[in-house]
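Novice:
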Amino acid sequence: MSDALAEIRARIIEDPANAWAKELGWAPLYTAAPTSRIAIIGQAPGRRAQESGIPWDDPSGVKLRDWLGVSDEEFYDPARIALLPMDFYFPGKATSGDLPPRKEFAPIWHPLILEQLPDLQLTILIGSYAQKHYLRTRSSLTETVRGHADYLPAYFPIVHPSPLNFRWQAKNPWFETDVIPELRRRVRAAL
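Using our numbering, the first residue of the sequence shown is number -7, and each one after it goes up by one.
#1: Considering only DSSP beta bridges, list what A31 is partnered with.
#2: Any idea if W48 is buried or exposed, counting beta-carbon neighbours within 10 angstroms, 16 or more meaning buried?
#3: Identify, in the order they occur along the chain, each residue of the same chain with its Cβ nearer than 7 Å to the Cβ of T129, setting aside the five sequence neighbours on each side.
#4: For L76, which residues in the same chain have their Cβ closer than 6 Å to its Cβ, ignoring the five residues on either side in sequence?
#5: Compute the Euclidean distance between the alpha carbons of K55 and E174, then round it to the nearest angstrom.
#6: Out of curiosity, what's the CA-to-CA distance linking D50 and S44?
#7: Can you check whether the CB of R176 is closer than 8 Å to the CB of G61?
#8: If you follow the beta strand (DSSP E) that I46 is in, where does it begin and where does it stop?
#9: So does the region 68 to 82 actually touch the region 91 to 111, counting three or more Cβ pairs closer than 8 Å?
#10: Going straight from the alpha carbon of I5 to that of S63, what length do you get?
#11: Which stretch, first to last residue, makes up the alpha helix (DSSP H) that contains P149?
#12: Per the DSSP calculation, D90 is bridged to which residue(s)?
#13: Under 8 Å by Cβ, that's how I've got P110 and P26 pegged, so tell me the actual separation to the nearest angstrom.
#14: Check each candidate in W18, T87 and F148 and name the one with the smallest Cα separation from L112.
#15: In chain order, what residues of the same chain have a beta carbon less than 8 Å from the beta carbon of N157, not counting five sequence neighbours either side?
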C-alpha cells in the first residue's frame, strides 16, 4: 500500500462518522493499490465479510469470481483488483437483507482512493447503489445491466451475485449468455 493510500485509510478509521465501527473493532473493508487495473464497486460488506476481514467472503463472492473468470489469487491481489464497496463497513441488518450503504460515504472517500489508482482500466459496478452513483442513471437495474455496452470502456454494470438474486437471473437468461462472456473478456483484457 502506498503512503497516500495508507494515509487515506487512517483518515477513514479516525473519521468521527466511523467511530461506531472503530468501537466494534472493525477495520474499513476495502483493498486498493496504485497498480490496481480493475476496481470492483459493490454495496457494502456483509456481516460475515466484516467479521473475517476478507471482502466478498461469502457465496456471493464465489459467484462473482466465477462470473469474472478470475482465481481467488487474482481477485484478492490489490495490485490487480481494487475492491471498493460503497461503504467500507457492514451497515447492519434490515427487515429483508442488509441495510443500504450510507449515502454520504462513497462521495467522500472514493474520489480520494481512485485518484491514487492511475492504472485503472475497468470499473465493475455491482448493483443499483454503485450504478446510480457512478452512472447517474435513472434506469432500472435490469435496463442498466442490459445496456452495459453503453457504459464501456470505463464502466461495466452487473447485477449483484447474491443467491437471493436467483429469480432475477432466471427471468433474465441473457445475463449468463450475453453479459458474462463479455465481462470475462473485458476483465482478461484489463488484467
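All C-beta atoms, glycine included, are put in the ideal place defined by N, C-alpha and C.
Specialist: The short version:
#1: Locating residue 31 in the sequence shown gives position 39, counting from the first residue. DSSP output for A31 lists A74 and T115 as bridge partner(s).
#2: On the sequence shown, residue 48 is found 56 positions in, with the first residue counted as 1. Buried, by the Cβ-count rule.
#3: Within the sequence shown, numbered from 1, the residue matching residue 129 stands at position 137. Same-chain partners within the cutoff: Q123 and T136.
#4: Within the sequence shown, the letter at position 84 stands for residue 76. Cβ neighbours of L76 beyond the five flanking positions: Y22, A31 and I33.
#5: Position 63 of the sequence shown, counting from 1, holds the residue named residue 55. Position 182 of the sequence shown, counting from 1, holds the residue named residue 174. One C-alpha to the other measures close to 16 Å.
#6: Taking the sequence shown and counting its residues from 1, the one referred to as residue 50 is at position 58. Taking the sequence shown and counting its residues from 1, the one referred to as residue 44 is at position 52. The straight-line gap from Cα to Cα measures roughly 10 Å.
#7: By 1-based counting over the sequence shown, the position of residue 61 is 69. By 1-based counting over the sequence shown, the position of residue 176 is 184. Contact flag set, yes.
#8: On the sequence shown, residue 46 is found 54 positions in, with the first residue counted as 1. Run containing I46: none; DSSP gives neither H nor E here.
#9: yes
#10: Translated into the one-based positions of the sequence shown, residue 5 becomes position 13. Translated into the one-based positions of the sequence shown, residue 63 becomes position 71. Distance between the alpha carbons of I5 and S63 is about 30 Å.
#11: As a position in the sequence shown, residue 149 is number 157, starting the count at 1. Here P149 belongs to no alpha helix (DSSP H); instead the beta strand (DSSP E) covers Y147 to I150.
#12: Here residue 90 corresponds to residue number 98 of the sequence shown, with the count starting at 1. Answer is K85.
#13: For this step, residue 110 is matched to residue 118 along the sequence shown. For this step, residue 26 is matched to residue 34 along the sequence shown. Contact flag correct, Cβ pair sits at about 7 Å.
#14: To locate residue 112, count along the sequence shown from 1; it is residue 120. The shortest Cα separation from L112 among W18, T87 and F148 belongs to F148.
#15: Locating residue 157 in the sequence shown gives position 165, where the first residue counts as 1. Taken in chain order, the residues that qualify are V151.
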